[in-house]
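K.L.:
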Amino acid sequence: MNTLVQQARDIFAQQFQSNPTDVVQAPGRVNLIGEHTDYNDGFVFPCAIDYQAVVACKARSDQRVCVFAIDFGEHDEFSISEAIEKSDKLWANYIRGVVQFLAVRGYDFNGADMVVTGNVPLGAGLSSSAALEVVIGQAFKTLYDLPISQADIALNGQQAENDYVGCNCGIMDQLISAKGEAGKALLIDCRDLSTQAIAMPASLAVLIVNSNKKRGLVDSEYNTRREQCEAAAAALNVKALRDASMTDLEASSIDKNSDRYKRARHVISENARTLAMAEALKSENIPQISELMRASHQSMRDDFAITVSEIDTLVDIIAEVIGEQGGVRMTGGGFGGCVVALVPHHLVDDVKAAIAAQYQQKTGLKETVYLCTPSAGAGVV
Numbered sequence: 011m012n013t014l015v016q017q018a019r020d021i022f023a024q025q026f027q028s029n030p031t032d033v034v035q036a037p038g039r040v041n042l043i044g045e046h047t048d049y050n051d052g053f054v055f056p057c058a059i060d061y062q063a064v065v066a067c068k069a070r071s072d073q074r075v076c077v078f079a080i081d082f083g084e085h086d087e088f089s090i091s092e093a094i095e096k097s098d099k100l101w102a103n104y105i106r107g108v109v110q111f112l113a114v115r116g117y118d119f120n121g122a123d124m125v126v127t128g129n130v131p132l133g134a135g136l137s138s139s140a141a142l143e144v145v146i147g148q149a150f151k152t153l154y155d156l157p158i159s160q161a162d163i164a165l166n167g168q169q170a171e172n173d174y175v176g177c178n179c180g181i182m183d184q185l186i187s188a189k190g191e192a193g194k195a196l197l198i199d200c201r202d203l204s205t206q207a208i209a210m211p212a213s214l215a216v217l218i219v220n221s222n223k224k225r226g227l228v229d230s231e232y233n234t235r236r237e238q239c240e241a242a243a244a245a246l247n248v249k250a251l252r253d254a255s256m257t258d259l260e261a262s263s264i265d266k267n268s269d270r271y272k273r274a275r276h277v278i279s280e281n282a283r284t285l286a287m288a289e290a291l292k293s294e295n296i297p298q299i300s301e302l303m304r305a306s307h308q309s310m311r312d313d314f315a316i317t318v319s320e321i322d323t324l325v326d327i328i329a330e331v332i333g334e335q336g337g338v339r340m341t342g343g344g345f346g347g348c349v350v351a352l353v354p355h356h357l358v359d360d361v362k363a364a365i366a367a368q369y370q371q372k373t374g375l376k377e378t379v380y381l382c383t384p385s386a387g388a389g390v391v
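Every letter in the sequence shown is one number past the one before it in my numbering, and letter 381, counting from 1, is 391.
#1: Shorter than 8 angstroms from the beta carbon of arginine 283 to some beta carbon of chain B?
#2: With the cut-off set at 8 angstroms, would you say glycine 342 and valine 318 are in Cβ contact?
#3: Compute the distance between the beta-carbons of phenylalanine 78 and alanine 170, then report whether it is under 8 angstroms.
#4: Between which two residues does the beta strand (DSSP E) containing phenylalanine 78 stretch?
#5: Answer yes if the stretch 172 to 181 comes into contact with the stretch 15 to 29, meaning at least three C-beta pairs across the two stretches below 8 angstroms, and no otherwise.
#6: Starting from the Cα of alanine 386, find the closest Cα among Gly52, Ile208, Ile278 and Thr234 and give me that residue.
#7: For glycine 44, count neighbouring Cβ atoms within 10 angstroms of its own Cβ and tell me buried if that reaches 16, exposed if not.
#8: Quick one: complete beta strand (DSSP E) runs, 3+ long, within the stretch 272 to 342?
#9: Residues in the same chain with beta-carbon distance under 8 angstroms from serine 91, minus the five sequence neighbours each way, listed in chain order, please.
#10: Is there contact between the stretch 53 to 69 and the stretch 155 to 175, where contact requires at least three CB pairs shorter than 8 angstroms?
#11: Using 10 angstroms around the beta-carbon of lysine 249, count the other beta-carbons present and answer buried if the total reaches 16, otherwise exposed.
#12: In three-state terms, what does DSSP make of valine 353?
#13: Ignore the nearest five residues each way along the sequence and tell me which others in leucine 142's own chain have a CB closer than 6 angstroms to its CB.
#14: Spatial neighbours of serine 139 within its chain, please: CB distance less than 7 angstroms, with the 5 preceding and 5 following residues excluded, ordered by chain position.
#15: So for serine 28, helix, strand or coil by DSSP?
#16: Taking only three categories from DSSP, how would you classify aspartate 162?
#17: Write down the C-beta distance between leucine 324 and valine 350 rounded to the nearest angstrom, noting that I regard them as a contact closer than 8 angstroms.
#18: Which residue's Cα is closest to the Cα of tyrosine 154: Pro131, Ile146, Ser137 and Asn120?
#19: Under 8 angstroms, with one C-beta from each stretch per pair, do the stretch 228 to 243 and the stretch 261 to 277 reach the 3-pair mark?
#20: Does the beta-carbon of glutamate 377 have 16 or more other beta-carbons within 10 angstroms, so that it is buried, or is it exposed?
#21: Determine contact between the stretch 120 to 129 and the stretch 186 to 195, defined as no fewer than three beta-carbon pairs at a distance below 8 angstroms.
#22: In terms of alpha-carbon separation, which member of Asp51, Gln35 and Gly52 lies closest to aspartate 60?
#23: Taking the alpha-carbon positions, what's the valine 174 to glycine 107 distance?
#24: If you run the structure through DSSP and keep just helix, strand and coil, what is arginine 70?
#25: Spatial neighbours of isoleucine 332 within its chain, please: C-beta separation below 8 angstroms, excluding the five flanking residues on both sides.
#26: With burial defined as no fewer than 16 other Cβ atoms inside 10 Å of the residue's Cβ, what is the status of glutamate 280: buried or exposed?
#27: Over what stretch of residues does the beta strand (DSSP E) that includes isoleucine 90 continue unbroken?
#28: In terms of alpha-carbon separation, which member of Gln308, Phe314, Ile316 and Ala315 lies closest to aspartate 326?
#29: Between valine 109 and isoleucine 80, which are expected to be in contact by the criterion C-beta below 8 angstroms, what is the C-beta distance as a whole number of angstroms?
#30: On the three-state DSSP scale, how would you describe cysteine 239?
#31: Report, in whole angstroms, the separation of the C-beta atoms of methionine 210 and cysteine 382, which I expect to be a contact under 8 angstroms.
#32: Pull up the distance between the alpha-carbon of phenylalanine 457 and that of threonine 284, whole angstroms please.
#33: Excluding sequence positions up to five away, which residues of its chain have a Cβ less than 6 angstroms from the Cβ of leucine 291?
#34: Only counting runs of 3 or more residues, tell me where the beta strand (DSSP E) segments fall wholly within the stretch 135 to 194, in order along the chain.
#35: Between the beta-carbon of tyrosine 49 and the beta-carbon of arginine 236, is there less than 8 angstroms?
#36: May I have the straight-line CA-CA distance separating serine 263 from glutamate 330, to the nearest angstrom?
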C-alpha cells in the first residue's frame, strides 16, 4: 500500500499544486463462508484484504468536489450546493452518489480536492466498488470530522450503489470494508448489522484464485434465486429463511424435488455452517474448517446451482493438495468469479504449482492468484 499512498500524494501535488492534508484507505474483501445468505437476513463471514482503494484529499472552502482518478486518467468535478447529476463515467457516479447521500443524511461539509487510486482487482468479485464508496465516505469523515459511524459510512455507500448507481447489493461488502480488523474475519448478522470480529488462525494463508470465467446471466439468475428463497420463506410462514430450521423445511409441504426446496436447504444449512465456522476459527479446528468449506461448496453446486465447471475444477485441484489441512470453496455470487482457500503456509507454493499445471490444461482459462492478509477496515493511513 505504501506505493499507492506515495503515488496518490505525488499526483495530488501535480494536480492541485499543493499537498494533501490526509490520505485514507478502504479495503476490498473476500467472503470466507455464507453465500446468498445476506438477502435472507442470515449470516456472512468476510475478511478485509490487503488490496485497497486510496484517496489523497484536502478540504476546500467552497462547495466544489474536484476528483482525479489515477487509474482511469480522468477528472470529475461537481458542486454539492446543487443537484448532483449523473456522470457518463461509471467510477465518478460511485463518488457522486456517496457525496449526495452524505448531504441527504444531513451532514455538514464543504467541497474537497481528491486523488483516487487503488489495487483492488476490477471485476474479480473482491468489491472494488464497495472499497471506493467507503473510502470516499471515510475521506469526508476525516476532512470534516463528521459524526458518522463506520456502519453508517457502509450504509451510505450501499445506498449510493443501490439508488444512485442503480446496482442492487447487500450490505456485506461495504460493512467489512468499513469495519474490518487486521488479522480477523467479521461475522455479520445481516438482520441487525451486528458484527463479531474473530481471529484468523495464524497457520493459514488466505488465497483467492480468480477463475477468469466471464460471469453470464448473473443478474437474472440472482433475481430468480432471490424469488425462490422468498417463496420458500412464505411457504414456511417465516419472515426470512434465516428464521427456518431444517426440521421446518423437512416437515413442510414444499416438494422435496423442487428447486424451491433445494434453494431453501442451501440457505438454511449455509447459515448453520457460517455460525459453525466462527466457532471452528475460534478453536482453530482446521479439519472442521475444511469440512464446512467443502460442504458449503457442495451446497452451492448441488442445491443452489450457482457454480460452473471451471470453478468446480479449481476447487478440486486445491482440495487435492490441502486435504483436511485447509479449506476451499467458491466465493461470491456465482457463475464464475473466484474461489477462496485457507491454506497452510507451507502448502501455498504447492497449491499454486498444482493450479498452474492443471487448470489451463483442463479449462482453457488462465487463473489469477492473490495471496492476501486479513486487514484493517477503512481509516487514515
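No residue lacks a Cβ here, since even glycine has one placed at the ideal position from N, Cα and C.
P.N.:
From the atom records:
#1: Reference to chain B is not applicable here, since this structure consists of a single protein chain.
#2: no
#3: no
#4: 74 to 79
#5: no
#6: Ile208
#7: buried
#8: 337 to 341
#9: Gln73
#10: no
#11: exposed
#12: strand
#13: Ala63 and Tyr104
#14: Tyr104 and Glu171
#15: coil
#16: helix
#17: That pair is no contact at about 11 angstroms.
#18: Asn120
#19: yes
#20: buried
#21: no
#22: Gln35
#23: According to the sequence as given, residue 174 is tyrosine; it is not valine. Rounded to the nearest angstrom, the two C-alpha atoms are 5 angstroms apart.
#24: coil
#25: Ser300, Val338, Ala351, Val353, Pro354, Leu357 and Val361
#26: buried
#27: Looking at the DSSP string, isoleucine 90 is not in any beta strand (DSSP E), and its letter there is neither H nor E.
#28: Gln308
#29: No, valine 109 and isoleucine 80 are not in contact; Cβ-Cβ is about 19 angstroms, not under 8 angstroms.
#30: helix
#31: That pair is no contact at about 11 angstroms.
#32: Because the chain is modelled from 11 through 391, residue 457 falls outside the range shown and cannot be assessed.
#33: Ile208
#34: none
#35: yes
#36: 40 angstroms
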